[in-house]
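S.K.: Using our numbering, read the sequence shown as starting at 84 and increasing by one per residue. We treat Cβ as the ideally placed atom computed from N, Cα and C, and that holds for glycine. A quick note: this is a predicted structure, and the numbers were derived from the prediction, not measured.
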Amino acid sequence: MRTISVGLGARSYPIIIGTGLVDRLGDHLPGNGKIAVISTPIINDLYGYLLESIGRDIELILVPDGEEAKTWETVEEVLGKLLGCGLDRKSTIVALGGGTVGDLAGFVASIYMRGIDVVQVPTTLLGMVDSAIGGKTAVNHPKGKNLVGSFHQPSKVIIDPLFLKSLPDREVRSGMAETVKYGVISDKVIFQIIEETPIADLEPETMVEIIARCAAIKAKLVEQDERDDKGIRASLNYGHTTGHSIETLSKHGVNHGEGVAIGMNVAALIAEEMGMVGSEMRARLERLLNKIGLPFNVPDLSIEEMVEVMHRDKKAEDGRIRFVLPTGIGEEPVLRYISEETIASALRELQ
Ligand SMILES: NC(=O)c1ccc[n+]([C@@H]2O[C@H](COP(=O)([O-])OP(=O)(O)OC[C@H]3O[C@@H](n4cnc5c(N)ncnc54)[C@H](O)[C@@H]3O)[C@@H](O)[C@H]2O)c1
Ligand SMILES: [Zn+2]
84 MRTISVGLGA RSYPIIIGTG LVDRLGDHLP GNGKIAVIST PIINDLYGYL LESIGRDIEL
144 ILVPDGEEAK TWETVEEVLG KLLGCGLDRK STIVALGGGT VGDLAGFVAS IYMRGIDVVQ
204 VPTTLLGMVD SAIGGKTAVN HPKGKNLVGS FHQPSKVIID PLFLKSLPDR EVRSGMAETV
264 KYGVISDKVI FQIIEETPIA DLEPETMVEI IARCAAIKAK LVEQDERDDK GIRASLNYGH
324 TTGHSIETLS KHGVNHGEGV AIGMNVAALI AEEMGMVGSE MRARLERLLN KIGLPFNVPD
384 LSIEEMVEVM HRDKKAEDGR IRFVLPTGIG EEPVLRYISE ETIASALREL Q
């Protein structure tokens, strides 16, 4: 078992990572108050049996699968159920599911009786390396994604890679794009492990190593910039400016990780053209993405519209578009304003 601590003074917490951890989930849950597990029907069918071993007073609350969980209506419904079953300030919410469940359950925990403990138990790779760590919670609004939320750090994050066995391949690949991102922005060993391990052999123990390395990077960035207002967490957006625009314009036909994979390649090409990295960096990146089964070329979408969507991206300040550009594999990236012409030309080259 590996433990990484997120040092945030009174809000500090451990991230524990190990195969088989959830078989003894009850041993790892803090406190001794009542527990409300928030999950989805799909996860409950697969893993509901794990709750039997908790051996405490538990309420199971099921919410819709995917983004549909992240609505005001669901928040109201869940709050009603928590009140109905007598959850109090000493109780703990356990978020058992992907990033959508984690975001919703974290938000509910942040407002229930002015805030109670939440333990994140992510079941997707994206949840394990990204969304379960860092305390950002949110639901969606008709005007946009994640527009309503709070910062509410979990009191613990419990990561068991055995959940990945049942995760659909495409979701695993999507999460792998984020692990490649961490490799590029901070830790070349992550990149090397994925390069050297046959994908079919990404056994739980290898995943523990990869996830622990990614979680450690995110933990460090969160410690330095808890509320994401100092620009330090910005490097986590590597590949995301282009990625979001492709996700949006493809109406999510291209999923998050796939968009990020393509976006990492676009940013690497811009960095290459600015003389910040040599051409071998992109060759290595493309080889790795290809090996994982992720796309790295720009799909057949309008380049003008892509640039237009980037303008609306949160990183566009005073009408200018900012990119996270790599400076090498495992090297700290830089944040630069990039002209529309340069972006369009890189997109065209990779289309
Ligand atoms: N809070 C943050 O810092 C942060 C960061 C990144 C993303 N997010 C949010 O995370 C969400 C995306 O999360 P996600 O990619 O985990 O998607 P998700 O929660 O929708 O899960 C993806 C799919 O996998 C299924 N699933 C989950 N675990 C499974 C398992 N072990 N076996 C089989 N099926 C399983 C789910 O039912 C779902 O259909 C978005 O809403 C995004 O905004 C939040
Ligand atoms: Zn992402």
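Among G181, C168, E151, whose alpha-carbon lies nearest the alpha-carbon of N127?
M.R.: Closest by alpha carbon: G181.
S.K.: Spatial neighbours of I125 within its chain, please: C-beta separation below 8 Å, excluding the five flanking residues on both sides.
M.R.: If we look at I125 and ignore the five residues flanking it on each side, its Cβ neighbours are D148.
S.K.: How many Å lie between G342 and G322 at the Cα?
M.R.: Rounded to the nearest angstrom, the two C-alpha atoms are 8 Å apart.
S.K.: Nearest to I231 by alpha carbon, out of I276, R256, L179, V158?
M.R.: According to the sequence shown, residue 231 is Val rather than Ile. It is V158 whose Cα lies nearest to the Cα of V231.
S.K.: Would you say the beta carbon of I294 is closer than 8 Å to some non-hydrogen atom of ligand 1?
M.R.: Not so, every heavy atom of ligand 1 lies at least 8 Å from the Cβ.
S.K.: Verify the contact flag: Q236, CB atom, against every heavy atom of ligand 4, threshold strictly below 8 Å.
M.R.: Looking for ligand 4 in the displayed structure turns up nothing; the ligands present are ligand 1 and ligand 2.
S.K.: Is it true that the stretch 167 to 187 meets the stretch 205 to 220, where meeting means three or more beta-carbon pairs spaced less than 8 Å apart?
M.R.: The stretch 167 to 187 vs the stretch 205 to 220: in contact.
S.K.: Beta-carbon within less than 7 Å of A427's beta-carbon, same chain only, minus the 5 sequence neighbours each way: which residues are those?
M.R.: Result list for A427: I386, V390, in chain order.
S.K.: Report whether the distance from the Cβ of D284 to the nearest heavy atom of ligand 1 is below 8 Å.
M.R.: False, no ligand heavy atom lies under 8 Å from that Cβ.
S.K.: Below 7 Å CB to CB, which residues in the same chain sit around L145 once its five sequence neighbours on both sides are set aside?
M.R.: Same-chain partners within the cutoff: S122, T123, P124, N127.
S.K.: Which word fits N115, buried or exposed, when buried means at least 16 other C-beta atoms lie within 10 angstroms of its C-beta?
M.R.: Label assigned to N115: exposed.
S.K.: Taking contact to mean at least 3 C-beta pairs separated by less than 8 Å, is the stretch 129 to 139 in contact with the stretch 100 to 107?
M.R.: They touch, by the three-pair rule.
S.K.: Buried or exposed for Q307, going by 16 or more other Cβ atoms inside 10 Å?
M.R.: Label assigned to Q307: exposed.
S.K.: With the cut-off set at 9 Å, would you say A350 and F406 are in Cβ contact?
M.R.: Result yes, Cβ atoms of A350 and F406 sit closer than 9 Å.
S.K.: In the DSSP assignment, find the unbroken alpha helix (DSSP H) run with Y130 in it and report its ends.
M.R.: Counting along the chain, the alpha helix (DSSP H) containing Y130 begins and ends at 124 to 130.
S.K.: For a minimum of 3 consecutive residues, which ranges assigned as the beta strand (DSSP E) are wholly contained in the stretch 144 to 218?
M.R.: If we require 3 residues or more, the beta strand (DSSP E) runs fully inside the stretch 144 to 218 come out as 175 to 180, 200 to 205.
S.K.: Report buried or exposed for Q236, applying the criterion of at least 16 other Cβ atoms within 10 angstroms of its Cβ.
M.R.: Buried, because 16 or more other Cβ atoms sit within 10 Å of the Cβ of Q236.
S.K.: Can you tell me whether D171 is buried or exposed? The criterion is at least 16 other CB atoms within 10 Å of its CB, across all chains shown.
M.R.: Burial call: exposed.
S.K.: Please confirm whether any heavy atom of ligand 2 lies closer than 8 Å to the CB of V390.
M.R.: Not so, every heavy atom of ligand 2 lies at least 8 Å from the Cβ.
S.K.: For I276 and L165, what's the separation of their Cα atoms in angstroms?
M.R.: Going from the Cα of I276 to the Cα of L165 covers about 43 Å.
S.K.: Less than 9 Å between the beta carbons of I242 and A298, yes or no?
M.R.: Yes, the Cβ-Cβ distance between I242 and A298 is below 9 Å.
S.K.: Tell me whether S249 sits in a helix, a strand or coil according to DSSP, three-state version.
M.R.: Residue state, collapsed to three classes: helix.
S.K.: Using a Cβ distance threshold of 8 Å, determine whether the stretch 207 to 219 contacts the stretch 248 to 257, with at least three qualifying pairs required.
M.R.: Touching, yes.
S.K.: Cutting at 8 Å between CB atoms, please list the residues of its own chain near N373, excluding the five before and the five after it.
M.R.: Result list for N373: F379, in chain order.
S.K.: Do E254 and ligand 1 come close, with the Cβ less than 8 Å from some heavy atom?
M.R.: Yes - ligand 1 has a heavy atom lying nearer than 8 Å to the Cβ of E254.
S.K.: Could you tell me if the beta carbon of V272 falls within a distance shorter than 8 Å of some heavy atom in ligand 2?
M.R.: No, since every heavy atom of ligand 2 falls outside the 8 Å radius drawn around the Cβ of V272.
S.K.: Tell me which same chain residues have a C-beta within less than 8 Å of the C-beta of S88, skipping the five on either side of it?
M.R.: If we look at S88 and ignore the five residues flanking it on each side, its Cβ neighbours are S95, Y96, P97, I98, A302.
S.K.: Give the DSSP-derived three-state secondary structure of H323 in the structure shown.
M.R.: Helix, per DSSP.
S.K.: What residues in its chain sit with their C-beta under 7 Å from that of S193, if we drop five residues either side in the sequence?
M.R.: Cβ within range, chain order: T220, S233, H235.
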